[in-house]
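Undergrad: Supplied in structure tokens, the structure appears directly below.
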DNA sequence: GACAATACCAAGCAAGCGCTTGGTTTGTAA
DNA sequence: TTACAAACCAAGCGCTTGCTTGGTATTGTC
């Protein structure tokens, strides 16, 4: 299954919004604005202007501004969990599964869904307690995927450090790439970056 | 020189504020509030209440709210540059220098200056263009320290990946520890964490 | 072509924001 | 004691914020 096919099937299941729909376009613009200016600095007027409607009209689609943030996060995790699952399934050995996960997450962070991924990492403080719990629940599924692969690597002796520590180091290292990795200028490709990450772990 | 002696000499040089002074106490509280709630969600009334004065009185010490954020960042970088320098000087081999830097940065992130370090990493979007340039200038000195150590490791063949890529991966991985590392519960000490980082790099 | 339901607009409210103002207290030194 | 600056208070201004309201197009369905 290609990334696009995965997206399509999630849309069909109504788990993520069609980017072509009004809701989907808003969420995309919201992700971009939230990443660029931060959630708090982004006003409902900014959001409305980005999709060409009046600020009040937003509240026909979402009850509160925070609900928009939550929707961005929830849909992003859903999509990425599916993408990671597919990437891991495509590989055979634990080592190749990990490499596939690293590559897929780098692609999520630095590709089209990058805005939303950055929001997911850096804006969770802006969520209410209730929303945070909801997002965290989905995130645990996502993290479980990583942990099972890292644990199988640990079982075969290819990984010395504790899987959960390694995952957290990777989370930080990979998500931080969004602040500096610019594929266009400089010769480092996503594959090259993936290789460096694997080499850093002696794999 | 102990960390405390370094702090004292920086205070004497007026490069950082005495934590016992009115200004120093405000900056400490500001760092804590900015980390916990984010810069935008922290109001001048919050800041004033934290040090027991009226909100208007803040503007006797700082011209704007943003100036408080800038001061937190500038003083934090100054202190940490000195701390890293001292840590690196204490070690002999490039490998030990790197380990000392990792250990020192983990301590900065997860110790007393942790609040301010988190602000430095996660709130730079809230800075104005002008302040950002100023902070970036100081940050380059700090990063230069790391790079020189990593380059010497690269020269001796102990490091395969590009130094600047490694540094950026480390920046992400180490600063991310602030979101999950809790020394009190769970047996992982700062030394243990440092070891895991070094092991992750095959060092 | 009637009729909802959906999507949107125009206007503005209440609350909270950063910051200013004019005046008072406190600390210090001659 | 006087003089003066630094530190602070009480009040509130002007603006922006998230969100509401009442009404109007637009769309889909039979």
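Residue numbers (the numbering used here), protein chains in the order written: chain F, 8 to 210; chain H, 8 to 210.
Glycine residues also receive a C-beta, built at the ideal position from the N, C-alpha and C atoms.
#1: Should residue 179 of chain H and residue 180 of chain F be called a contact, given that it needs their Cβ atoms to be closer than 8 Å?
#2: Of all the options F:126, F:154, F:82 and F:175, which has the alpha carbon lying nearest to the alpha carbon of residue 14 of chain F?
#3: Are the beta-carbon atoms of residue 105 of chain F and residue 156 of chain F separated by less than 8 Å?
#4: Contact criterion: CB-CB distance below 8 Å. Does residue 178 of chain H meet it with respect to chain F?
#5: Does the distance from the C-beta atom of residue 84 of chain H to that of residue 132 of chain H stay below 8 Å?
#6: What does a CB cutoff of less than 7 Å around residue 89 of chain H pick up in its chain, not counting 5 residues either side in sequence?
#7: Closer than 6 Å by C-beta to residue 87 of chain H: which residues in its own chain qualify, once you throw out the five before and the five after it? Chain order, please.
#8: Please report the distance separating the alpha-carbon of residue 138 of chain F from that of residue 161 of chain H.
#9: Kindly indicate which three-state DSSP category residue 48 of chain H falls into: helix, strand or coil?
#10: Less than 8 Å between the beta carbons of residue 30 of chain H and residue 125 of chain H, yes or no?
#11: Nearest chain H C-beta to residue 206 of chain F closer than 8 Å, yes or no?
#12: For residue 167 of chain H and chain F, any beta-carbon pair shorter than 8 Å?
#13: Would you mind listing the alpha helix (DSSP H) stretches within the stretch 164 to 208 of chain H that are 4+ residues and don't spill past its ends, in chain order?
#14: Is any beta-carbon of chain H found at less than 8 Å from that of residue 48 of chain F?
#15: Please look up how many angstroms separate the CB atoms of residue 69 of chain H and residue 75 of chain H, rounded, as I've assumed it's under 8 Å.
#16: Compare the C-beta of residue 52 of chain H against all C-beta atoms of chain F and say whether one is closer than 8 Å.
#17: Going by other Cβ atoms of all chains shown within 10 Å of its Cβ, with 16 needed for buried, is residue 191 of chain F buried or exposed?
#18: Measure the C-alpha to C-alpha separation of residue 117 of chain F and residue 168 of chain H and round it to an integer number of angstroms.
#19: Going by DSSP in three states, residue 112 of chain F sits in which element: helix, strand or coil?
#20: Rounding to the nearest angstrom, what Cα-Cα distance links residue 163 of chain F and residue 46 of chain F in this structure?
#21: Using only the alpha-carbon positions, how far apart do residue 185 of chain H and residue 103 of chain F sit?
#22: Please list, in chain order, the chain H residues whose beta carbon lies closer than 9 Å to that of residue 173 of chain F.
#23: If you measure from the beta carbon of residue 161 of chain H to each beta carbon in chain F, is any gap under 8 Å?
#24: Decide if residue 36 of chain H is buried, meaning its Cβ has at least 16 other Cβ atoms within 10 Å, or exposed.
#25: Find the nearest neighbour of residue 59 of chain H within the set H:33, H:38 and H:72, judged by alpha-carbon distance.
#26: Find the nearest neighbour of residue 72 of chain H within the set H:108, H:27 and H:134, judged by alpha-carbon distance.
#27: Helix, strand or coil: which one does DSSP assign to residue 69 of chain F?
TA: Judging by the given coordinates:
#1: Yes, they are a contact pair.
#2: Relative to the Cα of residue 14 of chain F, the nearest Cα in the group F:126, F:154, F:82 and F:175 belongs to F:82.
#3: The answer is yes: Cβ separation under 8 Å.
#4: Yes, its Cβ sits closer than 8 Å to a Cβ of chain F.
#5: It is not a contact, given that the beta carbons lie outside the stated cut-off.
#6: For residue 89 of chain H, the CB contacts under 7 Å within the same chain, skipping 5 residues up- and downstream, are 13 and 17 in chain order.
#7: Same-chain partners within the cutoff: 115.
#8: C-alpha separation (whole angstroms): 45 Å.
#9: In the structure shown, the three-state DSSP call for residue 48 of chain H is coil.
#10: No; because the gap between Cβ atoms is not below 8 Å, this pair is not in contact.
#11: Taking Cβ atoms only, chain H reaches closer than 8 Å to residue 206 of chain F, which makes this a yes.
#12: Yes, contact with chain F.
#13: Fully enclosed alpha helix (DSSP H) runs of 4 or longer: 170 to 183 and 197 to 207.
#14: Answer yes: the Cβ-Cβ gap between residue 48 of chain F and chain H drops below 8 Å somewhere.
#15: Beta-carbon to beta-carbon, residue 69 of chain H and residue 75 of chain H are separated by about 5 Å, close enough to satisfy the 8 Å threshold.
#16: Chain F contact via Cβ: absent.
#17: For residue 191 of chain F, the number of other beta carbons within 10 angstroms of its own is below 16, and it is reported as exposed.
#18: CA-CA distance, residue 117 of chain F to residue 168 of chain H, rounds to 20 Å.
#19: Here DSSP, grouped into helix, strand and coil, assigns residue 112 of chain F to helix.
#20: Within the model, the alpha-carbon separation for residue 163 of chain F versus residue 46 of chain F is close to 43 Å.
#21: If I take the Cα positions, the gap works out to 30 Å.
#22: What residue 173 of chain F touches in chain H: 203 and 207.
#23: Chain F has no Cβ within less than 8 Å of the Cβ of residue 161 of chain H.
#24: Taking all protein chains shown into account, residue 36 of chain H has 16 or more neighbouring C-beta atoms within 10 Å of its C-beta and is therefore buried.
#25: Of the candidates H:33, H:38 and H:72, the one whose C-alpha sits nearest the C-alpha of residue 59 of chain H is H:33.
#26: Nearest C-alpha to residue 72 of chain H: H:134.
#27: If DSSP states are grouped into helix, strand and coil, residue 69 of chain F belongs with coil.
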